[in-house]
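**Q**
Number of protein chains: 2
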Amino acid sequence: MSTNNDFEFKLLARDKNTNARLGQLITSHGKLDTPVFMPVGTKATVKAMTPEDLAQLGAGIILSNAYHLYLRPGHELIRDLGGLHKFMNWPGAILTDSGGYQLFSLSDFCKITEEGVTFQSHIDGGTKHLITPEVAIQIQQALGADIIMPLDECLSYPAEYERALTSMQLTIRWAQRCRDAHNQGGSALFGIVQGGIYKDLREQCALKLVKLDFAGYAVGGLSVGEPKPQMYDIIAHTLDFLPQQKPRYAMGLGSPEDLFECVSRGVDMFDCVMPTRHARNGVLFTSSGSLIIKHAKHTDDAKPIDAECGCYTCRHYSRAYLRHLYVSGEILAARLHTIHNLYFYLDLMRQIRHYIARSTFLELWNNFKSQYKHRR
Amino acid sequence: MSTNNDFEFKLLARDKNTNARLGQLITSHGKLDTPVFMPVGTKATVKAMTPEDLAQLGAGIILSNAYHLYLRPGHELIRDLGGLHKFMNWPGAILTDSGGYQLFSLSDFCKITEEGVTFQSHIDGGTKHLITPEVAIQIQQALGADIIMPLDECLSYPAEYERALTSMQLTIRWAQRCRDAHNQGGSALFGIVQGGIYKDLREQCALKLVKLDFAGYAVGGLSVGEPKPQMYDIIAHTLDFLPQQKPRYAMGLGSPEDLFECVSRGVDMFDCVMPTRHARNGVLFTSSGSLIIKHAKHTDDAKPIDAECGCYTCRHYSRAYLRHLYVSGEILAARLHTIHNLYFYLDLMRQIRHYIARSTFLELWNNFKSQYKHRR
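Keeping their order, the protein sequence lines are chains A and B. Just add 215 to wherever you are in the first sequence, counting from 1, and you've got my numbering. Just add 215 to wherever you are in the second sequence, counting from 1, and you've got my numbering.
1) For the stretch 434–465 of chain A, which residues have a beta carbon sitting closer than 9 angstroms to at least one beta carbon of chain B?
2) For the stretch 298–305 of chain B against the stretch 468–482 of chain B, do three or more pairs of beta-carbon atoms, one drawn from each stretch, fall closer than 8 angstroms, so that the two count as touching?
3) Tell me whether the stretch 271–280 of chain B and the stretch 576–586 of chain B touch, counting them as touching only if at least three CB pairs, one residue from each stretch, are closer than 8 angstroms.
4) Give me the Cα-Cα distance between C199(A) and R492(A), rounded to the nearest whole angstrom.
5) With DSSP run on the structure shown, which of helix, strand or coil describes A487(A)?
6) In terms of residue numbering, what span does the alpha helix (DSSP H) encompassing F475(B) cover?
7) Taking the C-alpha atoms as reference points, what is the distance between M466(B) and K509(A)?
8) Nearest-angstrom Cα distance between A351(B) and L380(B)?
9) Any Cβ of chain A within less than 9 angstroms of the Cβ of N304(B)?
10) Return yes when the Cβ of V542(B) is within less than 9 angstroms of the Cβ of P250(B), no when it is not.
11) Can you give me the C-alpha to C-alpha distance between T501(A) and A421(A), rounded to a whole angstrom?
12) Among F485(A), D515(A), A511(A), which one has its Cα closest to the Cα of L563(A)?
13) Should D323(A) be flagged as near chain B, meaning a C-beta pair shorter than 9 angstroms?
14) Check whether chain A comes within 9 angstroms of T342(B), counting only Cβ atoms and requiring the distance to be less than that.
15) Mind listing, in chain order, the continuous beta strand (DSSP E) runs of no fewer than 3 residues lying wholly within the stretch 305–371 of chain B?
16) In this structure, how does DSSP classify V542(B) when only helix, strand and coil are distinguished?
17) Using a Cβ-Cβ cut-off of 9 angstroms, state whether R591(A) counts as contacting chain B.
18) Express the C-alpha separation of Y464(B) and C393(B) in angstroms, rounding to a whole number.
19) What are the boundary residues of the beta strand (DSSP E) that includes M253(A)?
20) Around the C-beta of A430(B), are 16 or more other C-beta atoms found within 10 angstroms, so that it is buried, or is it exposed?
21) Could you check which residue in I449(A), T242(A), I338(A) has the C-alpha nearest to that of F224(A)?
22) Can you grab the Cα-Cα spacing for the pair K588(A) / F252(A), in whole Å?
23) Anything in the stretch 521–539 of chain A with a Cβ closer than 9 angstroms to a Cβ of chain B? List those residues in chain order, please.
24) Output yes if chain A places a C-beta closer than 9 angstroms to the C-beta of D295(B); else output no.
25) Between the alpha carbons of E267(A) and W389(B), how many angstroms are there, rounded?
26) Indicate whether I546(A) and I338(B) have their beta-carbon atoms separated by less than 9 angstroms.
27) Quick one: is L468(A) near chain B, going by C-beta distance under 9 angstroms?
28) Y558(B) to E329(B), Cα distance in whole Å?
29) Grouping DSSP H, G and I as helix and E and B as strand, with all else coil, what is L299(A)?
30) For L292(B), go through chain A and note every residue whose CB falls closer than 8 angstroms to its CB, in chain order.
31) Which one or two residues does DSSP pair with E223(B) in a beta bridge?
32) Measure the alpha-carbon distance for M364(A) versus R378(A) and round it to whole angstroms.
33) Taking T575(B) as the reference, which of D221(B), L427(B), L237(B) has the closest Cα?
34) When you compare the stretch 515–530 of chain A with the stretch 519–539 of chain B, are there three or more beta-carbon pairs, one atom per stretch, that lie closer than 8 angstroms?
35) Which residue wins for smallest C-alpha separation from G359(B), given the options S322(B), L321(B), C325(B), Q399(B)?
36) So is G497(A) buried or exposed if we call it buried at 16+ other beta carbons inside 10 Å?
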């Protein structure tokens, strides 16, 4: 069973000039206007932010990671303490990633069989673990996430056609097993479309997953090294085979440009470490491009990061102060920068929704393109 | 000239059974009830806290450090950007330490002459600097602090009587020069009593400084290795020679026990890195003693740090979650722990004032002693 009475997606409007969509995700932890950006809270915390900070920034849903929480502190411990929402004091919605991507990128040893993935922990280096599709669902159900993801195999790039085909077929068999294992009403299970850069494999995968009837569909295995135009093309092609009435999620994307490109093709949901990780590295988003706070030119600059920005950081602090905090290694730098970058992303999504509702999304996108430059 | 029209100290009440005092410090950035604890914001930030956090915790005055800010980002830069209050967005009062203590403990090379202190920066390791008493005042006036401190020589412990005498005499000559250099109405200049562990030197120093008529008096050179009973004894002895109508400040103290001991002897002002530094190291203060959050016994503990505590952290987070954040190296741990420890200190001071006002300070102190144990 893959039904969740609390979960619903409403398609509210469509842009006249693009495939951009306006919708609403209804979860047992709140309603979310889409397209939506989900800040990443890998280890049960969006780094440097309290839940109140996130709510104030307008975040309604965050992403957390089953792989990390399974290893530490353990999903059963979190379940016994009342679930992930209570554990981290977050009243909003949570989507957990199954850990497929992390298994392949973080673990010290990783072997795939039909049964599942055997790996060694990247934390203690020694302990061996087997994650099967069933275990991946059990972990996420124990965490109590609102949206959960099946175990999938994440191909590295480039991958031969045969390898991509075999992998995609395994991902489908695992998706079926995840669907069968999913037995908790409070969570909605999504499907993940794989298939590498091969359009026919993406199409096959999408069609087979749709037959299994998931609550939503993700496009996985992207932004792993393929050229951007090809990535956008694969997303557009994949979405063609997914039902309009279900939410579509582009996993791990992306840059501000990616958000526009993907929204224009019909993506409803995003997550990415970019705003939070860049913040901690002193790379700040502005309406005219990114800004490197440690640059000497900001040393005595009394201006805020972005004069057009309404975030707490821009209303109260100069670039000079932020640069001082950053070069001094002060924790407050990470915090003030994260507030700014998340505000930038979440405000961008608010604008995107506003313009889609008026079918003027292209106008916003063109304005963005004319202003936004990479300054790195 | 050492007058400041905005600065005033009112002695409001005295405990009947001890020398504890209740007072009010009036600065151009707010009124402060004493005894008062000043959180330490060395580099123009109380680590991990926003000014709003501090205000919410009840802090009305913080300490910042002229030595650090002189080296980075530079006091002239801060002055040109509107002063330290504006730079760090802190509307409350600020006391700056002159840097005497830091010169001796942090700089790579340090030579004292009658003129001042020559040292090499601990940041770039190479550049040489000379801080004279006059420069120390200029730096602090450029920062725009409400209370500023003279340059003094901080003896290491133990020190021979002759060495302590010579040093104390130099500190007095520097204090006179600082007083002469002080020419900004917005700041109040305190004197610092030195003299090591020698009571007659403390007495001489206090009497000479009092003749110079400072806005308040600090006891410096303490907690450098001498036994605690001796430290308390020297404080009590020094205060005997300071005017009742001026505020008394015990520099760099202390532990919760130190606060009680010193308040009972008539100290009005405190600063210490202990609550904030311990917080970042996962050592948390509770009504029954300190708690080490990384201990395995907290792994699945649903209780807050302290069930009797009303702070944000204790109202929303379990020991299990805080331990998870701490062992995972998450920034939020530093932030939630700092909120808790500063709340503990500031709430303790609120209680101390409440009980002094009723002449029942000893009752509070006895309760504290019976409950509080070192668990480290």
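Glycine included, each C-beta is placed from N, C-alpha and C at the ideal position. Remember, predicted model here, so these are calculated numbers, not experimental data.
**A** Per the coordinate set shown:
1) Under the 9 angstroms Cβ criterion, the stretch 434–465 of chain A contributes no residue.
2) Taking 8 angstroms as the limit for Cβ pairs, the verdict is that the stretch 468–482 of chain B does not touch the stretch 298–305 of chain B.
3) Between the stretch 271–280 of chain B and the stretch 576–586 of chain B there are fewer than three inter-stretch CB-CB distances shorter than 8 angstroms, so the stretches are not counted as touching.
4) Residue 199(A) lies beyond the residue range present for chain A, which begins at 216 and ends at 591; the question has no answer from this structure.
5) Sequence index remark: in the first sequence, residue 487(A) carries index 272 (1-based). The question names Ala, but residue 487(A) in the sequence shown is Cys. Correct three-state label for C487(A): coil.
6) Looking up residue 475(B) in the second sequence gives position 260. 471–479 is the span of the alpha helix (DSSP H), which, as asked, contains F475(B).
7) Sequence index remark: in the second sequence, residue 466(B) carries index 251 (1-based). Sequence index remark: in the first sequence, residue 509(A) carries index 294 (1-based). So the alpha carbons of these two residues sit roughly 34 angstroms apart.
8) Position 136 of the second sequence, counting from 1, holds the residue named residue 351(B). Position 165 of the second sequence, counting from 1, holds the residue named residue 380(B). Straight-line Cα distance between these residues: approximately 23 angstroms.
9) Counting from one through the second sequence, the residue named residue 304(B) turns up at place 89. Yes, contact with chain A.
10) Taking the second sequence and counting its residues from 1, one reaches residue 250(B) at position 35. Taking the second sequence and counting its residues from 1, one reaches residue 542(B) at position 327. Going by C-beta atoms, P250(B) is not nearer than 9 angstroms to V542(B).
11) Counted from its first residue, the first sequence places residue 501(A) at position 286. Counted from its first residue, the first sequence places residue 421(A) at position 206. One C-alpha to the other measures close to 36 angstroms.
12) The residue given as residue 563(A) occupies position 348 in the first sequence. Checking every option, the nearest Cα to that of L563(A) belongs to F485(A).
13) Counted from its first residue, the first sequence places residue 323(A) at position 108. By the rule that beta-carbons nearer than 9 angstroms mark a contact, D323(A) does not touch chain B.
14) Locating residue 342(B) in the second sequence gives position 127, where the first residue counts as 1. Answer no: the Cβ-Cβ gap between T342(B) and chain A never drops below 9 angstroms.
15) Counting only runs of 3 or more, we get 308–312, 324–327, 332–335, 343–346.
16) The residue you call residue 542(B) lines up with position 327 of the second sequence. Helix at V542(B).
17) Working through the first sequence from its first residue, we reach residue 591(A) at position 376. Residue confidence is low: R591(A) scores 41 on pLDDT, short of 50, so the model does not pin down where it sits. Its coordinate-derived value is still stated next. Closer than 9 angstroms: no.
18) Position 178 of the second sequence, counted from the start, is the residue given in the question as residue 393(B). Position 249 of the second sequence, counted from the start, is the residue given in the question as residue 464(B). Between the alpha carbons of C393(B) and Y464(B) lies a gap of roughly 18 angstroms.
19) In the first sequence, the residue the question calls residue 253(A) occupies position 38. Where M253(A) is concerned, the enclosing beta strand (DSSP E) stretches over 251–253.
20) Counting from 1 along the second sequence, the entry for residue 430(B) is found at position 215. Buried is the call here.
21) Within the first sequence, residue 224(A) is the residue found at index 9, counting from 1. Nearest neighbour of F224(A) by Cα position, chosen from I449(A), T242(A), I338(A), turns out to be T242(A).
22) As a position in the first sequence, residue 588(A) is number 373, starting the count at 1. As a position in the first sequence, residue 252(A) is number 37, starting the count at 1. Taking the straight line joining both Cα atoms gives about 21 angstroms.
23) Listed by position, the residues of the stretch 521–539 of chain A near chain B (Cβ gap below 9 angstroms) are Y527, H531, Y532, S533, A535, Y536, R538, H539.
24) Position 80 of the second sequence, counted from the start, is the residue given in the question as residue 295(B). The beta-carbon of D295(B) is placed less than 9 angstroms from the nearest beta-carbon of chain A.
25) To locate residue 267(A), count along the first sequence from 1; it is residue 52. To locate residue 389(B), count along the second sequence from 1; it is residue 174. Annotation: E267(A) to W389(B) spans about 49 angstroms, alpha carbon to alpha carbon.
26) Numbered from its first residue, the first sequence carries residue 546(A) at position 331. Numbered from its first residue, the second sequence carries residue 338(B) at position 123. No, Cβ-Cβ distance for I546(A) and I338(B) is not below 9 angstroms.
27) Your numbering for residue 468(A) matches position 253 in the first sequence. For L468(A), the nearest beta carbon of chain B is not closer than 9 angstroms to its own beta carbon.
28) Position 343 of the second sequence, counting from 1, holds the residue named residue 558(B). Position 114 of the second sequence, counting from 1, holds the residue named residue 329(B). Between Y558(B) and E329(B), the C-alpha separation is close to 43 angstroms.
29) In the first sequence, residue 299(A) corresponds to position 84, counting from 1. In this structure, L299(A) counts as helix in the three-state DSSP scheme.
30) Position 77 of the second sequence, counted from the first residue, corresponds to residue 292(B). Here the neighbours are T514, D515, A535.
31) Here residue 223(B) refers to the residue found at position 8 of the second sequence. According to DSSP, E223(B) shares a beta bridge with I241(B).
32) Locating residue 364(A) in the first sequence gives position 149, counting from the first residue. Locating residue 378(A) in the first sequence gives position 163, counting from the first residue. Spanning the alpha carbons of M364(A) and R378(A) requires a straight line of approximately 23 angstroms.
33) Taking the first residue of the second sequence as position 1, residue 575(B) is located at position 360. The candidate whose alpha carbon is nearest that of T575(B) is L237(B).
34) They do not touch, by the three-pair rule.
35) In the second sequence, counting from the first residue as 1, residue 359(B) sits at position 144. Ranking S322(B), L321(B), C325(B), Q399(B) by Cα distance to G359(B) puts Q399(B) first.
36) As a first step, residue 497(A) must be located in the first sequence, where it is residue number 282. Buried is the call here.
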